[in-house]
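Protein sequence lines, in the order shown, are assigned to chains A and B. Positions 1 to 390 (full-length UniProt numbering) are the ones given, in order, by the first sequence. Positions 1 to 390 (full-length UniProt numbering) are the ones given, in order, by the second sequence.
Number of protein chains: 2
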Amino acid sequence: MATENKVRFGIIGFGNQGSMYAKFITDGMVPSMDLVAIADIDPAKLTQIEETYPQVQRFDDYKAIIDSGEVDAIITTVPHYLHPEIATYALSKGIHVLNEKPAGVYTKHVKALNEYAKTVDATYAIMFNQRNNPLYQKLKTILDNKEIGDIRRVNWIITTWWRPQAYYDQSAWRATWGGEGGGVLVNQAPHQLDLIQWLTGVPEKVVSRVQYGYQRDIAVEDQVHAIFEYENGATGVFVTSTNEIVGSDRLEIVGDAGKIIVDDSAVATIYRMKESETDINKNMDVDGVRKLMTGQLAFEELYDKEVIQEENVWGLQHSGVLENFAQHILNGTPLIADGQEGINGVRLANAIHLSSWTGEKVSIPEFDDDQYLDLLNQHITDEGKFDTRK
Amino acid sequence: MATENKVRFGIIGFGNQGSMYAKFITDGMVPSMDLVAIADIDPAKLTQIEETYPQVQRFDDYKAIIDSGEVDAIITTVPHYLHPEIATYALSKGIHVLNEKPAGVYTKHVKALNEYAKTVDATYAIMFNQRNNPLYQKLKTILDNKEIGDIRRVNWIITTWWRPQAYYDQSAWRATWGGEGGGVLVNQAPHQLDLIQWLTGVPEKVVSRVQYGYQRDIAVEDQVHAIFEYENGATGVFVTSTNEIVGSDRLEIVGDAGKIIVDDSAVATIYRMKESETDINKNMDVDGVRKLMTGQLAFEELYDKEVIQEENVWGLQHSGVLENFAQHILNGTPLIADGQEGINGVRLANAIHLSSWTGEKVSIPEFDDDQYLDLLNQHITDEGKFDTRK
Numbered sequence: 001m002a003t004e005n006k007v008r009f010g011i012i013g014f015g016n017q018g019s020m021y022a023k024f025i026t027d028g029m030v031p032s033m034d035l036v037a038i039a040d041i042d043p044a045k046l047t048q049i050e051e052t053y054p055q056v057q058r059f060d061d062y063k064a065i066i067d068s069g070e071v072d073a074i075i076t077t078v079p080h081y082l083h084p085e086i087a088t089y090a091l092s093k094g095i096h097v098l099n100e101k102p103a104g105v106y107t108k109h110v111k112a113l114n115e116y117a118k119t120v121d122a123t124y125a126i127m128f129n130q131r132n133n134p135l136y137q138k139l140k141t142i143l144d145n146k147e148i149g150d151i152r153r154v155n156w157i158i159t160t161w162w163r164p165q166a167y168y169d170q171s172a173w174r175a176t177w178g179g180e181g182g183g184v185l186v187n188q189a190p191h192q193l194d195l196i197q198w199l200t201g202v203p204e205k206v207v208s209r210v211q212y213g214y215q216r217d218i219a220v221e222d223q224v225h226a227i228f229e230y231e232n233g234a235t236g237v238f239v240t241s242t243n244e245i246v247g248s249d250r251l252e253i254v255g256d257a258g259k260i261i262v263d264d265s266a267v268a269t270i271y272r273m274k275e276s277e278t279d280i281n282k283n284m285d286v287d288g289v290r291k292l293m294t295g296q297l298a299f300e301e302l303y304d305k306e307v308i309q310e311e312n313v314w315g316l317q318h319s320g321v322l323e324n325f326a327q328h329i330l331n332g333t334p335l336i337a338d339g340q341e342g343i344n345g346v347r348l349a350n351a352i353h354l355s356s357w358t359g360e361k362v363s364i365p366e367f368d369d370d371q372y373l374d375l376l377n378q379h380i381t382d383e384g385k386f387d388t389r390k
Numbered sequence: 001m002a003t004e005n006k007v008r009f010g011i012i013g014f015g016n017q018g019s020m021y022a023k024f025i026t027d028g029m030v031p032s033m034d035l036v037a038i039a040d041i042d043p044a045k046l047t048q049i050e051e052t053y054p055q056v057q058r059f060d061d062y063k064a065i066i067d068s069g070e071v072d073a074i075i076t077t078v079p080h081y082l083h084p085e086i087a088t089y090a091l092s093k094g095i096h097v098l099n100e101k102p103a104g105v106y107t108k109h110v111k112a113l114n115e116y117a118k119t120v121d122a123t124y125a126i127m128f129n130q131r132n133n134p135l136y137q138k139l140k141t142i143l144d145n146k147e148i149g150d151i152r153r154v155n156w157i158i159t160t161w162w163r164p165q166a167y168y169d170q171s172a173w174r175a176t177w178g179g180e181g182g183g184v185l186v187n188q189a190p191h192q193l194d195l196i197q198w199l200t201g202v203p204e205k206v207v208s209r210v211q212y213g214y215q216r217d218i219a220v221e222d223q224v225h226a227i228f229e230y231e232n233g234a235t236g237v238f239v240t241s242t243n244e245i246v247g248s249d250r251l252e253i254v255g256d257a258g259k260i261i262v263d264d265s266a267v268a269t270i271y272r273m274k275e276s277e278t279d280i281n282k283n284m285d286v287d288g289v290r291k292l293m294t295g296q297l298a299f300e301e302l303y304d305k306e307v308i309q310e311e312n313v314w315g316l317q318h319s320g321v322l323e324n325f326a327q328h329i330l331n332g333t334p335l336i337a338d339g340q341e342g343i344n345g346v347r348l349a350n351a352i353h354l355s356s357w358t359g360e361k362v363s364i365p366e367f368d369d370d371q372y373l374d375l376l377n378q379h380i381t382d383e384g385k386f387d388t389r390k
């Protein structure tokens, strides 16, 4: 299957992401992969590929590259609606798939892909590169070990996704309901929608305020506020937008036994309490209350503080996921992100849209895939530029 | 009216706040005031007053101190429901009133007080001491001058209001519907509910998730999440709780021309953009987009950054409001906080409760005072400890 213990890799789509991955692989950042083929439907892109990577085979059709016999595995760096379609086709041919995020645009589509992927032997993974940020890896361990106890409150403001009108105007499919299926929730924030549920669990209910075409001339959303309810009673807030030059990236996770604050996805301050808040509360007497009310309670003696800083080297997250995917195929190394998990972020994004459309609180466990697709199709029909979806 | 150019001041209620103000005045922190009388209904408190301030007159009834002829002005440091009742009585006797925050518990009550206060000559002010924080004063000027442009997004997480069960168990009225009228929204967060609307305007609509007795054995709320909608389309988030040992105090205000981040009500980072986001967006071409997407856009060249730090000296905020109130009475100095403005924070708190009770989005301009009072009374009746309100 693999030549010289390397996975023969094909990239489908030579846009921003596809060309970046091609460079990482040919620069030697992904030792267990050979880039052997690239596909794109755009003739100009094919010329560009030929000039940049003359040694690599070119295809103008995703089926052709998958059927070529040249590749063991592919990645789907194409508009989001195509992710499930291409992934399913590749898996049906025994080709391993690294799906681009989001796994798809609507839950019904992604669920069908997930069900199909369970029936085949080929690997199905997903490019959640931010899970490969060493900082988030450490926080995942801290949270899984319950070092800050049961979660009570989560708050992520992630507005560093600034995109100008000229970005949206680049392609006819961008920022449309029919071509892209959403805005910041579908294109930029899927990273954090995955991370927030990976770190603190899938919420149960969602209420949102979504602003469509707020600061951009687009049909889809460029500013989003959502409140999550978790099964244990905890509450989450998720804020994202594409219209802030001075963007925020601030994550707070509060537990019964501590707190984590992450700034700019680079610096985490971890507070570990010596005794849980539940116990401190239970044991505090009137004298403690008097101290509290006169500013004499030494809060800082109740916890230890640790600051973790990780350099976020550009490219290492993505190339690491590519290498992990190849290692999984070659040696069975556990995946950083199983493709099956892609549904969680898609369902969260769909629920946020749905709540804004219906004005209702939306249940995640009882999420109505058909209702969402119906309303999405209504938006596509009203837009009048693309066919509806099934 | 005033002796030796000083206001003869009476404190009604000798609890945490009342005793603190007594100390500030007798320590000479409020040069334009003489503390001449204190009232409390608790005989133990009267003994304590006699021991601490033998020179001060004592009263066991608020009407007696107001009617005594000894005081020019009073402050209402009593349970919140009594604020409008005592303030109205004092104003009716020509006595100047510094109302404690919140102005009252429910809008109908506060509106009646406001209407009455407009018909009398006596001064009606309110103890919004945090408006007297020099940091917030500066931010108010920056915002009023539109230095960061029109507001797009506001986010305040204020969870530094930790209160243990023993605090709630101190008095029978605390954390009850009938005795206090709410939890963190009525007792602790009114400061920030006032500041947020003072700084960035009164929101138009409110949606909330309010957690009643979440981490405390109380009937009222100890954790609150709300989303605000502003008239210009901006969105706000307000988060508060009383169950975090490692509390957060983080305010973000994003405008078209900049951003303000305030940490711990002490350090403000102000970003002023050289060109508005609207203009940067309009003028960015494909080359700019290419730079953005390859990480080469120098965001930091698009704004200037200033850090303002103000030492928050304990007591100066409160004593400053007391002195300002006295100076207003004596010399007509403009008030830091006119009592009329107390309605805004009360209405916000009521709207947050109402949204959680009805599950609906609540309009601020069309706020239904009677509906709120009806539902509050339902809670009081269900609780079965106190009489309903009118």
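Glycine residues also receive a C-beta, built at the ideal position from the N, C-alpha and C atoms.
Asked, Found
"Phe299 (chain B): contacting residues in chain A (beta-carbon distance under 7 Å)", "Ile245"
"Closer than 9 Å to chain A by CB, Asp249 (chain B)", "no"
"Proximity test, Cβ basis, 9 Å: Tyr21 (chain B) and chain A", "no"
"Chain B within 9 Å of Glu277 (chain A), Cβ atoms only", "yes"
"Residue 408 (chain B) to Lys111 (chain B) span [Cα, whole Å]", "Residue 408 (chain B) lies beyond the residue range present for chain B, which begins at 1 and ends at 390; the question has no answer from this structure."
"Spatially closest choice to Gly13 (chain B) from B:Pro54, B:Asp60, B:Asp150 and B:Gln309, by CA coordinates", "B:Asp60"
"Cβ neighbour criterion (16 or more within 10 Å) applied to Pro84 (chain A)", "buried"
"Test: Leu166 (chain A) CB closer than 9 Å to a CB of chain B", "In the sequence as presented, Leu is not what sits at residue 166 (chain A); that position holds Ala. Yes, contact with chain B."
"DSSP beta-bridge partners of Met273 (chain A)", "A:Tyr303"
"Contacts that Met273 (chain B) makes with chain A (C-beta to C-beta distance below 8 Å)", "Ile245 and Val246"
"Nearest-angstrom beta carbon gap, Phe9 (chain B) and Ala73 (chain B) [assumed within contact, 8 Å]", "5 Å"
"Where Lys259 (chain B) meets chain A, residues with beta-carbon distance less than 7 Å", "Val246"
"Contact check, Val237 (chain A) vs Lys259 (chain B), beta carbons under 9 Å", "no"
"Local Cβ density within 10 Å of Ser171 (chain B), reported as buried at 16 or more and exposed below that", "exposed"
"Ordered list of beta strand (DSSP E) runs contained in the stretch 324-364 of chain A, each at least 3 residues", "none"
"Span of the beta strand (DSSP E), counted from its first residue to its last, around Glu229 (chain A)", "Glu221 to Glu229"
"Chain B within 9 Å of Lys282 (chain A), Cβ atoms only", "yes"
"Span of the beta strand (DSSP E), counted from its first residue to its last, around Gly201 (chain B)", "Run containing Gly201 (chain B): none; DSSP gives neither H nor E here."
"Secondary structure of Gly213 (chain A), DSSP reduced to three states", "coil"
"For Pro54 (chain A) and His80 (chain A), believed in contact at Cβ under 8 Å, the rounded distance", "Wrong, their Cβ atoms sit about 31 Å apart, outside the cutoff."
"Alpha carbon of Glu310 (chain A) to alpha carbon of Asn132 (chain A), nearest angstrom", "12 Å"
"Chain-ordered neighbours of Trp156 (chain A) on chain B, where CB pairs are closer than 9 Å", "Those within 9 Å of Trp156 (chain A) in chain B number zero; the least Cβ separation is about 11 Å."
"Chain-ordered neighbours of Arg302 (chain B) on chain A, where CB pairs are closer than 7 Å", "According to the sequence displayed, residue 302 (chain B) carries Leu and not Arg. The contacting residues are Ile245."
"Coarse secondary structure for Ser208 (chain A), derived from DSSP in three states", "strand"
"Cβ of Asn377 (chain B) within 9 Å of any chain C Cβ", "Among the protein chains in the structure shown, which are A and B, there is no chain C."
"Three-state secondary structure (DSSP) of Gln165 (chain A)", "helix"
"Beta-bridge pairing of His96 (chain B) - partner residues as DSSP gives them", "B:Ala73"
"Cβ-based burial, Val267 (chain A) [other Cβ within 10 Å; buried from 16]", "exposed"
"Within-9 Å CB hit, His225 (chain A) to chain B", "yes"
"Residues of the stretch 24-57 of chain A with Cβ closer than 8 Å to any Cβ of chain B, in chain order", "none"
"Against chain B: residues of the stretch 101-116 of chain A by CB proximity under 7 Å", "none"
"Among B:Gly233, B:Ile148, B:Ala64 and B:Glu244, the one whose alpha carbon lies nearest that of Arg272 (chain A)", "B:Glu244"
"Chain A contact for Thr119 (chain B) (CB, 9 Å cutoff)", "no"
"Minimum C-alpha distance to Glu275 (chain B) - residue among B:Met284, B:Leu297, B:Thr52 and B:Leu302", "B:Leu302"
"Contacts of Gly18 (chain B) in chain A (Cβ-Cβ under 7 Å)", "Residues of chain A passing the Cβ test: none, with the nearest at roughly 13 Å."
"At least three beta-carbon pairs within less than 8 Å, the stretch 224-242 of chain A to the stretch 137-152 of chain A", "yes"
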